[in-house]
Amino acid sequence: MSADVQFASLPENSTTKASPASGKLAAAALRFGSLLAFAAILVIFAATAPYFLTVGNIGNVLGQSAISGVLAIGLTIVLIAGGSNVVTGGIDLSLAANMGLSAAVYATLIQLGFSDVVATAAALATGLAIGIVNALAIVFAGIVPLLATLAVMNVVAGLELVLTQNTVLPASTDLLTALSSSDGFGIPILAYVLIGFTIIATAIVQFTPLGLRLYAVGEFPEAARAAGLPLKSLVVGAFVASGFCGGIAGILSVAYLSGSTTGSGEMLLPVVVTALLGSVFSRRLVPTIGGTLISTLFVGFLINGFQLLNLPSTLVSGVQGLLILIVVSATTLLRKREI
Amino acid sequence: MTKGQTTGLGRRDILKLTAVAGTALAASTILSKTAAAADDALSLKGKRIAISATGTDHYFDLQAYNAQIDEVKRLGGTPIAVDAGRNDGKLVSQLQTLIAQKPDAIVQILGTLSVIDPWLKKARDASIPVLTVDVGSTNSINNTTSDNWGIGKDLALQLVSDIGGEGNVIVFNGFYGVTPCAIRYDQLVNVVKYFPKVKIIQPELRDVIPNTVQDAFAQITAILNKYPEKGSIKAIWSAWDIPQLGATQALTAAGRTEIRTYGVDGSPEVLQLVADPNSPAGADAAQQPAEIGRTAIRNVAKLLSGQTLPRETYVPALLANKSNIADVVKKLGIG
């Protein structure tokens, strides 16, 4: 399909090829422009919003971004391995529901008197199981990820309702208290969790042969197949990893909200937006773990700054939507040009 | 979505509702002016007062929230108002950021106690006074609320009396984690205990947010199919009046108007149904959310001026039933 598009646009390409420099310039503008825009927004907030530039506040934003960050990084792995075409490429719509169910499993087990160890293992197993179901549906049944994970999302959300009866399940344990507390500098422990998690994910995805293969499978599946890469295993692995991230986020969410609560599904769109926005913060305009982290923090600082400036928080979702629209259209246009 | 088809709300009814809302607004301004005269000495000049609402999608929340913002401004303070849109994650993030903003006080409107309490404690640990509306917490200095024990008891006695002390009752109990709802529910159970012929049908129903009306409509329609005989169900109880709205619509749509519905809050659209002699809406305990909100802010001003506050401040609520609705509406100033 992509071949058709290239042939069809060949004459156009030849004219634009006359000035490859302008394409590069535009790509550079987008690449550094987005970082510059982020920096500019930070500077504006620092100058105008009281308390913005305090250690505690920055720590807060990091901590508040932990759950969405872990989910967005999970989704990024799927985007890398499945290709970042929003419709036909990799996507995992079940992530937010996964987090909700994993959290519900954790809180239920704690209420039944099980230990943190058992509850943690069960929450992670829940996430993994959802990832495996996704992988089976996509790789072996051959369903498009968009539809497969949408169906799984509904199943998972239904299971959560059955388990919690749509009520809040409070949970309080030593582990949860430790996770939701702050250190001596007023920096939430969740902030360190996000940083630690990102470092591990970055190390695996960006600096190992395994990570390189994930990119190969996502971007050039035919070439990857010809090179003898285990395509199916890699895609399965990506969805299982994403499910695992859902489980981790579930545990963080129980810590953050002192239990399992309703409405986890509302996380889905912000997480998808964050992961897609991540591409624009990478050098080659592809999904990267680092880019996703920056994009998560970007959204986090935006919400935080708006509250500090006493602006209505309803504006944030509008700004987020606008950003994603600009970013996706810009990357799509530039990609075409680079080819 | 189903609202228009099922309620049979005509254009004239909508006009009436608008008129009710309008007069309510006018009356509440008059009320606030009289109250203002009483507390003339209070001031919040130079103070930053944080107002954290769990959501503003319900009549009660919105009235309390807006009244608080206005009252802070009227007393010369700066409101920092945040609305979590019924999302617990957002609620916690906002509270966290509020604590970092070091306001002179935080007023929390509603919320699930287990979710917000750790953060109210952190605010207290950071020496920020915390006051609450409709949610009792050991970490709040004062809770402004309706007397929910009274509301729960009055509503339950009204229900039992209306059904002649016997019959099956359907109960919506989806928000037992929210303190006022828990108190009202417990009072229902306490009253029913002494009327052995009154039975709460198990399992109890779970009301949900959002889409409360549509969901209650669907759940009640399903229950009616399960109990098709007239008299097999006598009443439907819910801890607030939005599920009651959906339930009442479902009863009307199914022609089962012999069943009575009961709820709390005094949302204008439900009071309108109670006033309608043909509607199955039996009673609605009307709270005064705007007055509750203003009282909470005046309590903040009192606290900051060095006065000691009681543990709870009660704002009167009135039980509106079929026979006294005209009086109640007049007393509430929305008639």
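Protein sequence lines, in the order shown, are assigned to chains A and B. Note that the first sequence covers residues 1 to 339 in our numbering. Note that the second sequence covers residues 1001 to 1335 in our numbering. Ideal Cβ positions, reconstructed from N, Cα and C, are used throughout, including at glycine.
Serine 1127 of chain B is outside the set of residues whose beta carbon lies under 8 Å from a beta carbon in chain A. The C-beta of isoleucine 1106 of chain B comes no closer than 8 Å to any C-beta of chain A.
Ranked by Cα distance from threonine 1132 of chain B, the options B:Leu1113, B:Ala1126, B:Trp1149, B:Ser1238 are led by B:Leu1113.
For the options B:Val1329, B:Leu1332, B:Tyr1314, the alpha carbon positioned closest to that of valine 1135 of chain B is the one of B:Tyr1314.
At least one C-beta of chain B is nearer than 8 Å to the C-beta of isoleucine 67 of chain A.
Measuring C-alpha to C-alpha distances from glycine 1055 of chain B to each of B:Ile1128, B:Ile1109, B:Gln1214, B:Leu1309 identifies B:Ile1109 as the nearest. In the DSSP assignment, glutamate 1269 of chain B falls within the unbroken alpha helix (DSSP H) covering 1268-1275. If you ignore the 5 residues before and after serine 181 of chain A, its C-beta comes within less than 7 Å of the C-beta of Ile189, all in its own chain and listed in chain order. Counting only runs that start and end inside the region 51-137 of chain A, the alpha helix (DSSP H) elements of at least 4 residues fall at 55-64, 66-82, 95-111, 116-135. By the rule that beta-carbons nearer than 8 Å mark a contact, glycine 1165 of chain B does not touch chain A. Against chain B, a Cβ distance below 7 Å from asparagine 310 of chain A picks out Ile1080. At a cut-off of 8 Å between beta-carbon atoms, proline 1180 of chain B makes no contact with chain A.
CA-to-CA, the gap between tryptophan 1149 of chain B and alanine 40 of chain A works out to about 54 Å.
As computed with DSSP, glutamate 160 of chain A is found in no beta bridge at all. Contact of valine 1115 of chain B with chain A is assigned, a C-beta pair being separated by under 8 Å.
In this chain, the alpha helix (DSSP H) harbouring isoleucine 195 of chain A covers 189-207. Alanine 1100 of chain B has a beta carbon lying within less than 8 Å of a beta carbon in chain A. Judged by DSSP in its simplified three-state form, phenylalanine 1172 of chain B adopts strand.
Take alanine 216 of chain A, set aside five residues on each side of it, and the residues of its chain with a beta-carbon closer than 8 Å to its own are Ala223, Ala224, Ala227, Leu229, in chain order. Taking all protein chains in view, the Cβ of threonine 274 of chain A is crowded by 16 or more other Cβ atoms within 10 Å, so the residue is classified as buried.
By the Cβ rule, the region 1054-1068 of chain B does not count as touching the region 1321-1331 of chain B, because fewer than three pairs are nearer than 8 Å. The beta carbon of alanine 1247 of chain B is closer than 6 Å to those of Ala1216, Ile1220, Ile1236, Thr1261 in its chain, skipping five residues each way along the sequence.
Proximity of chain A to asparagine 1087 of chain B at the Cβ level (cut-off 8 Å) is accounted for by Gly263, Glu266, in chain order. Around the beta carbon of lysine 1226 of chain B, fewer than 16 other beta carbons lie within 10 angstroms, which makes this residue exposed. Contact annotation for valine 55 of chain A against chain B: no contact, minimum CB-CB distance about 10 Å [criterion: below 9 Å]. Residues of the region 158-173 of chain A that bring their beta carbon within less than 7 Å of a beta carbon in chain B comprise Gln165, Asn166, Thr167, Val168, Pro170, in sequence order. Contact annotation: the region 233-244 of chain A touches the region 120-136 of chain A, with at least three C-beta pairs closer than 8 Å.
The beta-carbon of threonine 1248 of chain B is placed no less than 8 Å from the nearest beta-carbon of chain A.
Straight-line measurement puts the Cα of leucine 1303 of chain B at about 14 Å from the Cα of valine 1072 of chain B. With contacts defined by Cβ atoms closer than 8 Å, alanine 148 of chain A and alanine 137 of chain A form a contacting pair.
The region 38-54 of chain A makes no contact with the region 194-206 of chain A; the number of CB pairs closer than 8 Å stays below 3. Excluding the 5 residues flanking it on each side, glutamate 1258 of chain B has same chain C-beta neighbours closer than 6 Å at Lys1230, in chain order. The beta carbon of alanine 119 of chain A lies closer than 7 Å to those of Tyr106, Leu109, Ile110 in the same chain, with the five residues before and after it left out.
For tyrosine 51 of chain A, the chain B residues whose C-beta falls within less than 9 Å of its own C-beta are Thr1097, Ala1100, Gln1101, Lys1102, listed in chain order.
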